[in-house]
Amino acid sequence: MDFAIGWDFGRALMWIVLLPLFGALINGISGRFASRGLVRAVAIGSVAGAFALALACFVKLVALSGHGEDGGEGTTKLVHIVYDWFSVRVGDAVIPVRVALLMDHLSGVMTLVITGIGLLIHLYASSYMEEDPSYARFFTYLNLFTASMLILVLASNMPLMFVGWEGVGLCSYLLIGFWWENPTYAAAGKKAFVVNRIGDFGVLLGMFLLVATTASFEFAEINANASSLVVPLKLDSTHSIAFLTTATAACLCLFLGCAGKSAQLPLYVWLPDAMAGPTPVSALIHAATMVTAGVYLVVRLSGVFLMAPGAMAFIAIVGATTALFAASIALVQNQMKKILAYSTVSQLGFMFAGVGVGAFAGGFFHVFTHAFFKACLFLGAGSVMHAVHAHGDADLRELGGMKKFMPTTRWTFLLSCLAIAGFPLTSGFFSKDDILLGAAFIGTGPWAEYPSWVGWLVFVMLAAAAFMTAFYMFRLYFLAFEGEFRGGAAHAHAEHAHGDQTHDSHTDDSHGQDAHGHAAPHESPLAMTLPLIVLAVFAAVVGFLGLPHWLGLPNVWEHWLEPSIARLPLAEGAHVSAAIGATAMGVGTLVGLGGIGLAYTWYMKEDGATPARIEASMPRFHALLMDKWRVDEFYAFLFIRPMAWLARFAANFDKLFIDGLLTKLTSSLALAAGWLVTRFQTGALPAYGAVMVVGLAGIVWWFVVPHPSLEHAVRGTQVKLQAASGLGYEYRFDTNDDGDFETSWSGEREVEGTYEPRDFRAGAFVLTTLRPGQRDREVVLHEGEFFAFEASDLGPDWVREGTPGPNGAPAPAPNDTVPAIAWRIPVRDIFLPFAPRGGAAHETTREEAETIAERIASGASAIEIARARATNDEERNRLGALPEEDGVDGHVKLADGTEVHLEHGARVAIAESPRGVHVVALDPGEALLRPNGARVRVRGADVTEPETRLRPGEVAQVGNALVRVAAVVHATVQVRNAFGYTVDDTIEVVVQPERPASEARAEAGGGAQ
Amino acid sequence: MDFGLGHFIGLASVLFGIGAIGFLVRRNVLIQLMSIELMLNAVNLTLVAINRWMPGNHAGQVFAFFNIAIAAAEAAVGLAIVISVYRLKKSVQSDAVDLLKH
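Chains as they are written, first to last, in my numbering: chain A, 1138 to 2146; chain B, 190 to 291.
Given below as structure tokens:
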């Protein structure tokens, strides 16, 4: 902020916005309790204050730019930073977003238009809405709209502008649906809101694209860095679209938003329906200010748009098409406001065509002049409707001759009609001429990147549209004001012929109990005619601000806007020649006067005979125009119907699946559970008692019988044992299960210790395979259990070549299927030395083994077998001396080398040992490994012997699997509780003894060879 | 003959068992109330006996007094209920009263 400007003007900018905002707050909160006079005073006063401040700021701006001494170029704007709002991180840059207001030459004009015309329309509405029951609500919305529009215009950055952009959209919605009791009006409001959402999406996308490249939200900085936007559009860090620059993409996105807000093809459909709102709203929001926001945005970002000539050409063509299209609809309509609505769409098309061909000043000039004459036209239409107590809209077929009843309205309306038709020397004449001139000029190709044919195409389309404009406006004027009054008692009940959606329901309230149509039409009160006069005068004279340059006349307008608008990159020496200027002006004058003349001939002299004949000659085309080209029907078919179908589908899905299945199912589950437990509620006292006693017994059992639940944790051979805790428990441990308790009774429930080989009770090994996702497996070999190796455990090359299998079986092939090498090691293979209780090992043939198995199966005890197999007397005597109960164990070795262990009283079958790798557990913890043809490495060398012994902790490599010999120990805990009950719990723990270090070294040495 | 804690606990268990079985098998509410009294007193006996053999403090004895007081109140309330039920049902059989069911 340049302090030299003085803070008071900065503050003034803030108050321009705040005054209408406070007006809205006061009327919104307390207006319903206040008198109409008070509401009116607040509403009009706040806007009048804003207008006065805006005027003061504008005068200051003029003074600043008039003097070169205090900075010249640098002081063409007033800035006020209200506060820092938030900041955004884009890449490494932190971009601040400020609530900052900026009045430069562009926004200064807009601010004056908004507050000035806004003030006039507030004044008009204070009389027009006099009888409406929601007087305060109306002015709340209107003030809120003014505040939002001022934020939109005065914002110095895009996010704040978007706040205003959305604010005006909201107010537009609220005011279109102001008489929400009528469902069609409410629907019109919704339509405007939804269509604008589509556009707003484009504005957001455009804003993001701009900020991502220029790293700023400020309009000034974006325009200054606009040349950095001419790069291929990036999709992500590596991909980009070669034929589309960021500038073009951003401009097209922004234009989508402008098309929504400013009612361009294809999003214009909401604006004609928006006439459902009260007429002052149509004049202020839907003609003079809000709908021009799109044009304002394009002019504001002119620097960016200049970087995208393709997008500009597109905008120009869309604008010209809209102008022509909407004008063609307006030709045949019969409602005043409807004609004016399509006329507005058409004129907005003119403005976009203007900025699209690079005539930013010209397009914006049309915004300015259009604000006056279109506001005046709408207010004039409102005045007519007020006069004839028309419902919603005034039908031309029931008007006529109004000039007799309301001279002021007639003269102002005529003046505005002349302006919009482009009658020479009126404001519309000059602004339209500027646009036509711009189109013709760009057509001569002064800008190399811009496709010059677009200029001429747009020129022709605009000329045609201007001709139609002049024609339909004067058709409207002649039918409404000239001739004889056709209205009568019937008009009040006239239904609108073509499904018109804009029904005003209020205007008959304006004169209370007046009987409809009986009183003759009359002129409106001063509060309504005064704005008409002011606007008409301005509509007549503001054109002189923009006199054509090529005639050597001073173009104040263009000169004034110069600091705010980017300059076209014109070729050297390109200038507007007199020929081009004369062509544009000549064509403009010709089509304007021609349209007026045709309307005069057809409607004044022939009294509508020719149009009726044309209408009769092509009724279908006429109906198509009456139905506005049936675009709404087309949209309904293309978008709304599929959407409605989708919505119905979603609703039914919700009803059937979510509500039906999920909700009903869960609730019925709960019901079923409830039903089940209520069965126990028999009401019979003894049943309750019985259940209670059973539960009590359970609790007593829990406390009386101890629960040891022994658990363990192992690290190597070090084991921690832990029993469950309980009330009054005492423990003693037999850690190696030898029958002697190592600890005496105590409350300590944890012991820790190391196991030695003599504690080992059974064999085990740890298998590590290379199979992915397979963790180490502990395999405990118990009696009566089997272990199976699988081929995938061993890896692909587990077979040692040239080694026959056991029992003379052929050597296994490397690709044997899994079942063939699933080694089942029967527990009876587990070899325990006979030593503890005597006995001897004997060589046994296979036939013998089968006999033994038979005898075991028939119930003979091991000792009997041992006796039967004793080979010498000494042994026979020793065995014979042993008592049966001693449980003499024995083992036999089969001819094929299989050891069979026999326990006292054992009942076993001898399984034939399958071929393949055997891991046999030995006592104490040693293992016997029989490769049986597999490739086995132990201690760094291949095993060639039929079997090899492994000590605890030793590792053998079988195929690709590692077998590490482990051992099983048993641990027992005894728990005693206070009642003296004692309970045992024995668990089995696999310990992994370490290998002696010397051997590990030896293996490492061997492996290295 | 020496009496130890075990004897008292045994007697209490027997009393409690009789009470429990009586409560379960009889249908006359008055008898059931008596059975409850038996169970209560079995507990009281345990309390004082254990307190006698493990005389750390007098918690057991005090507890027994509380039990006696509460048992008196319980009996009063219980009998009042029985009278009400009798007025309603003209019966003191417990299976006559089964209104509080599903």
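For glycine and all other residues, C-beta sits at the position ideal for the given N, C-alpha and C.
So, helix, strand or coil for residue i, using DSSP?
i         : result
A/Tyr1609 : helix
A/Pro1823 : helix
A/Val1955 : Per-residue confidence for A/Val1955 stands at a pLDDT of 29, beneath the threshold of 50, marking its modelled position as unreliable; the derived number appears in the next sentence. Helix at A/Val1955.
A/Ala2032 : In this predicted model, A/Ala2032 has a pLDDT of only 39, less than 50, meaning its place in the structure is not dependable; the value taken from the coordinates is given anyway. Three-state result, A/Ala2032: coil.
A/Tyr2118 : coil
A/Ala2046 : Here A/Ala2046 scores only 32 on pLDDT, less than 50, and its place in the model should not be relied on; the value that follows carries that caveat. Coil at A/Ala2046, not helix or strand.
A/Trp1222 : strand
A/Glu1699 : helix
A/Lys1327 : helix
A/Asn1280 : helix
A/Ser1642 : Note that A/Ser1642 scores 42 on pLDDT, short of 50, meaning its location in the model is unreliable; the coordinates nonetheless yield the value given after this. Here A/Ser1642 sits in coil by DSSP.
A/Ala1978 : Low confidence applies here, because A/Ala1978 scores a pLDDT of 38, under 50, leaving its location unreliable and the question unanswered by this model.
A/His2041 : With a pLDDT of 43 at A/His2041, under the threshold of 50, the modelled position of this residue cannot be trusted, and the question is left open.
A/Thr1529 : It is Gly, not Thr, that sits at residue 1529 of chain A in the sequence shown. In this structure, A/Gly1529 counts as coil in the three-state DSSP scheme.
A/Val1441 : helix
A/Leu1238 : strand
A/Thr1880 : coil
A/Phe1596 : helix
A/Asp1875 : coil
So residue i is in the alpha helix (DSSP H); what residue range does that whole segment cover?
i         : result
B/Arg241  : Val218 to Trp242
A/His1844 : Unbroken run through A/His1844: none, as it is neither H nor E.
A/Lys1541 : Met1539 to Phe1542
A/Pro1668 : Leu1663 to Val1678
B/Ser273  : Ala248 to Lys278
A/Val1406 : Where A/Val1406 is concerned, there is no enclosing alpha helix (DSSP H), given that its DSSP letter is neither H nor E.
B/Phe192  : Element bounds for B/Phe192: n/a, residue is neither H nor E.
Is residue i near residue j, with beta carbons less than 9 Å apart?
i         : j         : result
A/Phe1622 : A/Met1539 : yes
A/Ala1585 : A/Ala1363 : no
A/Thr1213 : A/Pro1700 : yes
A/Ser1263 : A/Ala1180 : yes
A/Met1488 : A/Ser1399 : yes
A/Leu1158 : A/Leu1281 : yes
A/Thr1549 : A/Gly1732 : no
A/Val1184 : A/Thr1283 : yes
A/Glu1879 : A/Thr1854 : no
A/Leu1669 : A/Thr1481 : no
A/Ala2108 : A/Thr2123 : yes
A/Ser1661 : A/His1523 : yes
A/Val1916 : A/Val1903 : yes
A/Ala1425 : A/Lys1511 : yes
A/Leu1468 : A/Leu1393 : no
A/Gly1729 : A/Gly1559 : yes
B/Leu229  : B/Gly199  : no
A/Leu1287 : A/Ile1163 : no
B/Val266  : B/Val218  : no
A/Ala1413 : A/Tyr1322 : yes
A/Glu1849 : A/Ala1861 : Before going further, note that residue 1849 of chain A is His rather than Glu in the sequence given. It is not a contact, given that the beta carbons lie outside the stated cut-off.
A/Val1724 : A/Leu1573 : yes
Quick check on the DSSP output: the beta strand (DSSP E) that includes residue i runs from which residue to which?
i         : result
A/Ala2104 : Ala2098 to Arg2113
A/Phe1870 : Glu1867 to Asp1871
A/Leu2087 : Thr2085 to Leu2087
A/Ser1377 : Ser1377 to Thr1382
**Prompt:** What runs of the alpha helix (DSSP H), each 4 residues or longer, lie entirely inside the segment 1736-1818 of chain A?
**Reply:** 1746-1754, 1756-1763, 1768-1772, 1778-1790 and 1801-1815
**Prompt:** Quick one: complete alpha helix (DSSP H) runs, 4+ long, within the segment 1551-1594 of chain A?
**Reply:** 1564-1580
**Item:** In chain order, each alpha helix (DSSP H) run of at least 4 residues that lies wholly inside the segment 1240-1265 of chain A
**Value:** 1242-1265
**Item:** Segments of 4+ residues assigned as alpha helix (DSSP H) that fall wholly inside the segment 1157-1214 of chain A
**Value:** 1173-1203
**Request:** Inspect the CB distances between the segment 1592-1599 of chain A and the segment 1510-1520 of chain A and report whether three or more fall short of 8 Å.
**Result:** no
**Asked** Does the segment 1378-1387 of chain A come within contact of the segment 1439-1447 of chain A, defined as at least 3 CB pairs closer than 8 Å?
**Response** yes
**Request:** Pair every Cβ in the segment 1687-1699 of chain A with every Cβ in the segment 1492-1507 of chain A, then say whether three or more of these pairs are closer than 8 Å.
**Result:** yes
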